[in-house]
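First comes the structure, then the notes that go with it.
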Amino acid sequence: RSFIMSVDAHRPWRRLVKIDENTYKGECDSEHAQARVYGGHVLAQATAAAYFTAPEGFFIHSIHCYFVRGGEEDEDITFKVTRVRDGRNFAVRYVEAQQHGKTIHLSEYSLQKIGAVNDDFKLIPKYPGANLPHPDTLVSEVQGRHESLLNGNDLRNMRGIETPRMAPSIDLRPVNIDLFLNGDSGKTTKQYLWLRYKNHVDPKDHLMHHGTIVYMSDMGLAATGSLCYDWKRFKLVTSLDHSAWFHDYDFNVNDWILYEQEVVSASTHRSLIQGRLWTIDGRLIMSTTQEALIYRAKQ
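Using UniProt numbering, the first residue of the sequence shown is number 1, and each one after it goes up by one.
Okay, here's the thing in structure tokens:
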């Protein structure tokens with residue numbers, strides 16, 4: 001399997017080295033000393049480890065994970081796989097990610113054998129992208145943040161993921177850049193993001209596309225969880241847990257993908273966010289749910 005073995009020379013987040021039949025080492029490249037690793041990075045590498053141990057012809061259909069500790073970008077991550085079950089049509093894998101001998105991430109995967117089900121029936125919600133601006137007409141998160149700084153805005157008050165550090169391989173274009181960066185005093189609980197993977201992925205390498213969409217699935221959810229708060233500055237906005245369900249296995253991460261995100265509840269410093277990832281032509285790829293921990297900064 002070629003999944004996550006081809007390497008982006010600028011940031012080899014996809015590299016995974018086999019230690020033994022159930023253990024793999026993931027590489028992290030730090031752009032800032034003592035920086036915290038992006039959660040989607042850890043989840044994507046855990047996904048690779050699960051796929052490496054899976055029977056041929058099985059594809060992940062659901063993921064449930066916990067972000068236990070913040071990972072360090074300048075340290076390798078060890079992934080230990082437990083082969084929970086190999087059935088005729090379904091398989092289950094449990095992956096534990098460690099740094100310095102301590103668990104930083106736990107994830108469970110259920111895989112289904114493709115072709116095992118011949119039911120063509122599908123029920124999907126209405127595609128929300130038809131009335132949204134095309135991503136080519138929007139500014140990127142990087143450009144929007146830069147322009148906001150030039151206009152005198154304080155970086156410490158800005159929300160959202162900083163893609164140049166956390167996920168430089170992703171082209172992220174919020175439909176509403178002002179909402180993404182600044183919120184609107186808690187009045188809005190939903191936003192839309194266009195995503196595209198910058199580096200070429202072979203259209204036939206489905207497992208690479210699956211790993212990349214998992215990598216992308218963590219983007220923006222925690223920030224969306226902060227939308228319901230009217231605070232100007234946050235001390236902490238971070239993912240606690242994350243679940244994802246695949247609805248379609250045939251897609252291309254080099255094409256634009258719409259990420260629909262909404263915070264549906266918030267209490268005791270925890271926001272619950274739901275998301276859907278769509279192809280630009282309206283096919284539902286994945287649904288996600290995430291709980292984020294959010295603390296207000298002292299003014």
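No residue lacks a Cβ here, since even glycine has one placed at the ideal position from N, Cα and C. This structure is a prediction, so every number in the text was calculated from the model and none was measured.
*Is it the case that the Cβ atoms of I114 and R69 are separated by a distance below 8 Å?*
Looking up residue 114 in the sequence shown gives position 114. Looking up residue 69 in the sequence shown gives position 69. Against a cut-off of 8 Å, the Cβ pair of R69 and I114 comes out as no contact.
*For my contact list, P135 and R173 are in at a C-beta cut-off of 8 Å; report their separation, rounded to the angstrom.*
Translated into positions along the sequence shown, residue 135 becomes position 135. Translated into positions along the sequence shown, residue 173 becomes position 173. The pair is a contact, with the Cβ atoms about 5 Å apart (cut-off 8 Å).
*Whole angstroms is fine: what's the gap from K25's alpha carbon to I63's?*
Here residue 25 refers to the residue found at position 25 when the sequence shown is read from its first residue. Here residue 63 refers to the residue found at position 63 when the sequence shown is read from its first residue. Their Cα atoms are separated by approximately 20 Å.
_So the candidates are L111, S107 and T78; which of them puts its Cα closest to the Cα of G101?_
Here residue 101 is taken as the residue at index 101 of the sequence shown, counted from 1. Ranking the options by Cα distance to G101, first place goes to T78.
*Compute the distance between the beta-carbons of H242 and Q191, then report whether it is under 8 Å.*
The residue labelled residue 242 in the question sits at position 242 within the sequence shown. The residue labelled residue 191 in the question sits at position 191 within the sequence shown. Their beta carbons are not under 8 Å apart, which means H242 does not touch Q191 by this criterion.
_Proximity below 8 Å, CB of W256 to CB of R296_ = The residue you call residue 256 lines up with position 256 of the sequence shown. The residue you call residue 296 lines up with position 296 of the sequence shown. Against a cut-off of 8 Å, the Cβ pair of R296 and W256 comes out as no contact.
*Rounded to whole angstroms, how far is the Cβ of I60 from the Cβ of H210, which I believe are closer than 8 Å?*
To locate residue 60, count along the sequence shown from 1; it is residue 60. To locate residue 210, count along the sequence shown from 1; it is residue 210. Their Cβ separation, rounded to whole angstroms, is 7 Å, which keeps I60 and H210 in contact under 8 Å.
*asked:* Can you look up S226 in the DSSP assignment and give me helix, strand or coil?
replied: As a first step, residue 226 must be located in the sequence shown, where it is residue number 226. Correct three-state label for S226: coil.
*From F58 to L221, what does the alpha carbon distance come to, in whole angstroms?*
In the sequence shown, the residue the question calls residue 58 occupies position 58. In the sequence shown, the residue the question calls residue 221 occupies position 221. Computed Cα separation, rounded: 28 Å.
*Secondary structure at R36, three-state DSSP: helix, strand or coil?*
Indexing the sequence shown from 1 puts residue 36 at position 36. Of the three classes helix, strand and coil, the one that applies to R36 here is strand, per DSSP.
*What are the boundary residues of the alpha helix (DSSP H) that includes D178?*
What you label residue 178 is simply residue 178 of the sequence shown in a count that begins at 1. Where D178 is concerned, the enclosing alpha helix (DSSP H) stretches over I177 to N182.
*asked:* Closer than 8 Å is the cut-off here; do at least three beta carbon pairs connect the region 87-101 with the region 37-46?
replied: yes
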